[in-house]
Amino acid sequence: MIEIAENKCDFCGCCVGVCPVNCIEVKEAEISVDHDICIDCDICVYVCPIEVLSQTDPKKSSKATA
Amino acid sequence: MWKEQKEFDCIVVGGGPAGSTFARIAALGGLSVLLLEKDRDIGMPVRCGEAISDAGIRLFVDPDPRWLASTIDRIRLIAPDETEIEFDLLEKGYILDRRIFDYDLAQYAAQEGAQIVTKAYVDGLVIEDDKVVGVKGTHIGERFEKRAKIVVGADGVESRVGRWAGLKTVIKLKDMECGIQKTVTGIECQDNIFDFYLARRWAPGGYLWVFPKGKNKANIGVAISGYYAKAGKAAHKFLDEFLAWKYPNASVLTTVVGGIPVDKTVKEMVNDGIMLIGDAAHTCNPLTGGGITPGMRSGLLAAETAVKALHNGGPTKKNLQAYEKSWHKIGGKNHERFYRIKDTIFRYTDDDLIKIARGLAAVPEKNRSLMKLFSVAVRKKPSLIFDVARVFAGV
């Protein structure tokens, strides 16, 4: 599951732009992921310039296993 | 007044340079325009290196001295082995103060009659019979729904408006540059020189920039390709390491984060009742990441089409496609050339970059130019030499 460290987020929307299923929403100072739609592809985790997003399932995260 | 008005000719989602340019030209053409910005301020936060060429800005507005933090006439490239290569630019440029610039662009739109609303967050489209007929969202805790003949997605890298309308705006990992920038003060830098640091350790698949803003101030930022970000080292670490090495005493005034779509323009920029402009349509230059001029150009061309369509025939996909045609006619071919050049050189290793630097260093300074630089850079792939010759002619 994608986890968000909201207190780190700058709300830039970089993750939204790459999300293939449009499941991330970024407002002026809020970010949320719709876990029902999310496919755990982790692309948002890779692109975040400040590591706000992470994958909690180690089997799915190439970062965690790297 | 916007609260009482139920319907507009155009609703623009996003108040950056593309959205404000569209709003100004469309209002000037007699259309009723509502521009909705989700943030508290137009022009803030500034997610941008703020560089623009003199010729680029003059296509749309006369530069106001208040916008110009510094004037740039020289470029310095720093190769992986720290060799520095400098040369004069044929065309001068500026580092803008976009807080003021974006504000003024929105004001120009308002002066022509466009209505501008901040803190207006759009979270969906109104769709009837498979056609976009409006937007819905929240304005300071209150729901709103407004109808429009044309909805304009100027919502930047997120480009959700386009997606809601069924247009394909998702950016592939390798075509997303992950950026972070700090505006710092208390550093020594020359006010007329752009610095570009090129090496895997500074910015894999991108570059690190030092853009002076005058008075010992500069925008120092890094953008790395998503392709390399996947390896696990995030952009902020590259920037922090660079600052600790090169400017350990810098004080940070602002930190901003952002994604830069370095992609081909979206295949379909319009559909019935919808147009996409700026980063939302991936108009930013895929090689340099410069997005202000192409964003404003797309806003201008889209607005000209919108005015014609609404005065004659309506906002059908067929009528709005005139915008796509004019975009491709004016800048589209070069955009694709820039993309091809980028797609080759973003994979270059440090050894490749050192060879390019040596090749350019061998050229007498007065003969160096961006055209020369990229001609040297694509020697490994001769099919790109024609692309370089076309896009850098006279630059």
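Residue numbers (our numbering), protein chains in the order written: chain A, 1 to 66; chain B, 1001 to 1395.
Backbone N, C-alpha and C fix where the C-beta goes; we use that ideal spot for every residue, glycine too.
In this text, all values refer to a predicted model and were calculated from it rather than measured experimentally.
Around A/Val26, the beta-carbon contacts reaching into chain B at under 8 Å are Glu1158. Nearest C-alpha to B/Arg1047 among B/Asn1367, B/Asp1195 and B/Gly1258: B/Gly1258.
When secondary structure is reduced to three states using DSSP, B/Asn1312 falls in the coil class, being assigned neither helix nor strand.
The beta-carbon of B/Gly1226 is placed less than 7 Å from the nearest beta-carbon of chain A.
A Cβ-Cβ distance of about 7 Å is found for the pair B/Val1222 and B/Gly1206, placing them in contact under the 8 Å criterion. Per DSSP, the continuous alpha helix (DSSP H) segment holding B/Thr1021 begins and ends at Pro1017 to Leu1028. Rounded to the nearest whole angstrom, the CA to CA distance from B/Ile1171 to A/Cys15 is 10 Å. Residues of the same chain with a CB within less than 6 Å of the CB of B/Val1161, apart from the 5 flanking positions on each side, are Val1013, Gly1153 and Asp1155 in chain order. Looking at B/Ile1187, B/Gly1015, B/Phe1242 and B/Met1269, the one whose alpha-carbon comes closest to that of B/Lys1215 is B/Ile1187. Taking 7 Å as the cut-off, the Cβ atoms of B/Val1378 and B/Val1388 count as close. Secondary structure note for B/Ile1171: it is in no alpha helix (DSSP H), with a DSSP letter that is neither H nor E. Note that the C-beta distance between B/Arg1076 and B/Ile1193 is below 7 Å. Inter-residue distance for B/Asp1054 and B/Lys1092 is about 6 Å (C-alpha atoms, whole angstroms). Residues of chain B whose Cβ lies closer than 9 Å to the Cβ of A/Val33 do not exist; the shortest such Cβ separation is about 14 Å. A distance below 7 Å between beta-carbons, with the five flanking residues on each side excluded, links B/Glu1336 to the following residues of its chain, in chain order: Lys1264. In the DSSP secondary-structure assignment, B/Asn1219 is bridged to B/Thr1183 and B/Phe1211. DSSP places B/Ile1260 within a strand segment (E or B) once states are collapsed to three. Ile43, Tyr46, Val47, Cys48, Pro49, Ile50 and Glu51: these are the residues of the stretch 30 to 54 of chain A whose beta carbon lies less than 8 Å from some beta carbon of chain B, given in chain order.
Given a length threshold of 3 residues, each whole run of the beta strand (DSSP E) inside the stretch 1064 to 1145 of chain B is given here in chain order: 1068 to 1078, 1084 to 1096, 1115 to 1117, 1120 to 1128 and 1131 to 1139. The residues Ile1116, in chain order, have a CB closer than 6 Å to that of B/Ala1110 in the same chain once the five nearest residues on each side in sequence are set aside. Here the stretch 1229 to 1248 of chain B does not lie against the stretch 1019 to 1026 of chain B, with fewer than 3 beta-carbon pairs under 8 Å apart.
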